[in-house]
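Asker: Read the sequence shown against the working numbering and you will find it ends at 312, with the numbers running on by one and no gaps.
Positions of the beta carbon are idealized from the N, C-alpha and C atoms, including for glycine.
Keep in mind the model is a prediction, meaning the values are calculated, not measured.
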Amino acid sequence: MTSCSAPGKVILFGEHAVVFGEQALATAINKRLLVTGRPSSEFTFNGRPLSNEGKPYIGTCLDLIWKGGPLAIVTESELPSAAGMGSSAAVSVATLGLLTQMQGGFSREMIARKGFEVELKVQERASPIDTTTACHGSAVFVTKKKESDFLWLIEKDEKQWFLHSRDIPKMKIVVGDTGIKASTGPLVDKVKDYVRTSERAKGMVKEIGRITLDGLDAIKNEDFSKVGELMKRNHDLLNGLGVGHELLDRFVEAVQPLSYGAKLTGAGGGGSMIALTDHPTEVASLIEEQGGKAYIVETEREGVRIDG
Ligand code: MEV
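#1: State the Cα-Cα distance for the pair A205 and V39, rounded to the nearest angstrom.
#2: According to DSSP, simplified to helix, strand and coil, what is T182?
#3: According to the Cβ coordinates, are L102 and G41 closer than 7 Å?
#4: With 16 as the cutoff for other CB atoms within 10 Å, does T281 come out buried or exposed?
#5: In three-state DSSP terms, what is Q107?
#6: Does V195 get closer than 7 Å to chain D when you measure Cβ to Cβ?
#7: Can M235 and K267 be called in contact, C-beta distance under 7 Å?
#8: Can you look up H20 in the DSSP assignment and give me helix, strand or coil?
#9: With a threshold of 8 Å, are at least 3 pairs of Cβ atoms found where one atom belongs to the region 43-63 and the other to the region 168-175?
#10: Where does I172 sit, in a helix, a strand or coil, going by DSSP?
#11: Short check: CB of K13 to CB of A28, under 7 Å?
#12: Just to confirm the assignment, what range does the beta strand (DSSP E) spanning K150 have?
#13: From A258 to L155, what distance separates their C-alpha atoms?
#14: Between T188 and G272, what straight-line distance do the alpha-carbon atoms span, to the nearest angstrom?
#15: May I ask you to report which of helix, strand or coil DSSP gives R214?
#16: Give the residues whose C-beta lies closer than 6 Å to at least one heavy atom of the ligand MEV, in chain order.
#17: So the candidates are T216, S96 and C139; which of them puts its Cα closest to the Cα of H20?
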């Protein structure tokens, strides 16, 4: 039996814009997803025959790299699915980690590259930020050119993502899950159609890229008031791109008095928001009073790892 786990993530700045090659910043969080595998007489997932319906990520990982016989695969997750906390990237990365460990050749860079391929196959459109963050841990900064602490370059069609590791201060973040499951692929497509036909949308994507750069500086300087202002602006721009949701706005508004700032995180359309705060318990209560489910999380350094 072999086990491998990967952390969830939250995007601090730049979701959606990163799909178009703009800058983005994500951090791994201290909630993980564990995948266990052992040889079996047939492929199973959590005790049932494995099918690609419903759980396409695991089947796609197997199709992509597995050369051995049938496996019984079991997952245990602290991450809600389709809630903007990176559960699909964590499941892909942990499964790829498990499979590469079982057949020899565990390599973070390879897992990050294959993880991106899995997300692309399942979602059709994606950037590599979620999978690289689940793989590497810490904070991951995506830019258009190579900078210090460079991890790897991932390319697709004419797009290039230069992925970097960033040391950021330990931060407590409250994630507010609306409970509304929203798939990433259709939301990414919606933004893509808007950007193709609107100069205003193109401008918003570029502004999100600039906000990410300022946001990273403000985080490094521990100027959390500035970080909060930028989060709010990023949230408004994501609403402008059409991926907001009225519940997310309600949560963002409700936590404002006790937070530096708050914004939608991940694909949107429901899913989750994040708040940066020194009062996580109170902020979690404010979110729950509005009908959300709150998770208090911390930034996490450890990426994909073999657990046994
Ligand atoms: C989803 O967590 C982030 C998006 O930018 C999609 C992606 O980057 O693959 C919406």
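Answerer: In brief:
#1: Within the sequence shown, the letter at position 201 stands for residue 205. Within the sequence shown, the letter at position 35 stands for residue 39. Going from the Cα of A205 to the Cα of V39 covers about 39 Å.
#2: Counting from one through the sequence shown, the residue named residue 182 turns up at place 178. Of the three classes helix, strand and coil, the one that applies to T182 here is coil, per DSSP.
#3: For the purposes of this step, residue 102 is taken as residue 98 along the sequence shown, with counting starting at 1. For the purposes of this step, residue 41 is taken as residue 37 along the sequence shown, with counting starting at 1. Yes. Within cutoff.
#4: Position 277 of the sequence shown, counted from the first residue, corresponds to residue 281. The residue in question, T281, is buried, as its Cβ has 16 or more Cβ neighbours within 10 Å.
#5: For the purposes of this step, residue 107 is taken as the residue at position 103 of the sequence shown. Here Q107 sits in helix by DSSP.
#6: In the structure shown, chain D cannot be found, because there is only a single protein chain.
#7: As a first step, residue 235 must be located in the sequence shown, where it is residue number 231. As a first step, residue 267 must be located in the sequence shown, where it is residue number 263. Yes, the Cβ-Cβ distance between M235 and K267 is below 7 Å.
#8: As a working mapping, residue 20 is identified with position 16 in the sequence shown. Note: H20 maps to coil in three-state DSSP.
#9: no
#10: Indexing the sequence shown from 1 puts residue 172 at position 168. Correct three-state label for I172: coil.
#11: By 1-based counting over the sequence shown, the position of residue 13 is 9. By 1-based counting over the sequence shown, the position of residue 28 is 24. The answer is no: Cβ separation not under 7 Å.
#12: Taking the first residue of the sequence shown as position 1, residue 150 is located at position 146. That residue, K150, is in no beta strand (DSSP E); it is neither H nor E in DSSP.
#13: Here residue 258 refers to the residue found at position 254 of the sequence shown. Here residue 155 refers to the residue found at position 151 of the sequence shown. C-alpha separation (whole angstroms): 38 Å.
#14: Within the sequence shown, the letter at position 184 stands for residue 188. Within the sequence shown, the letter at position 268 stands for residue 272. Answer to the nearest angstrom: the Cα atoms are 8 Å apart.
#15: Mapped onto the sequence shown, residue 214 falls at position 210. The answer is helix: DSSP assigns R214 an H, G or I state.
#16: I15, E19, H20, V22, V23, A130, S131, I133, D134, T188, V192, G270 and A271
#17: Taking the sequence shown and counting its residues from 1, one reaches residue 20 at position 16. Checking every option, the nearest Cα to that of H20 belongs to T216.
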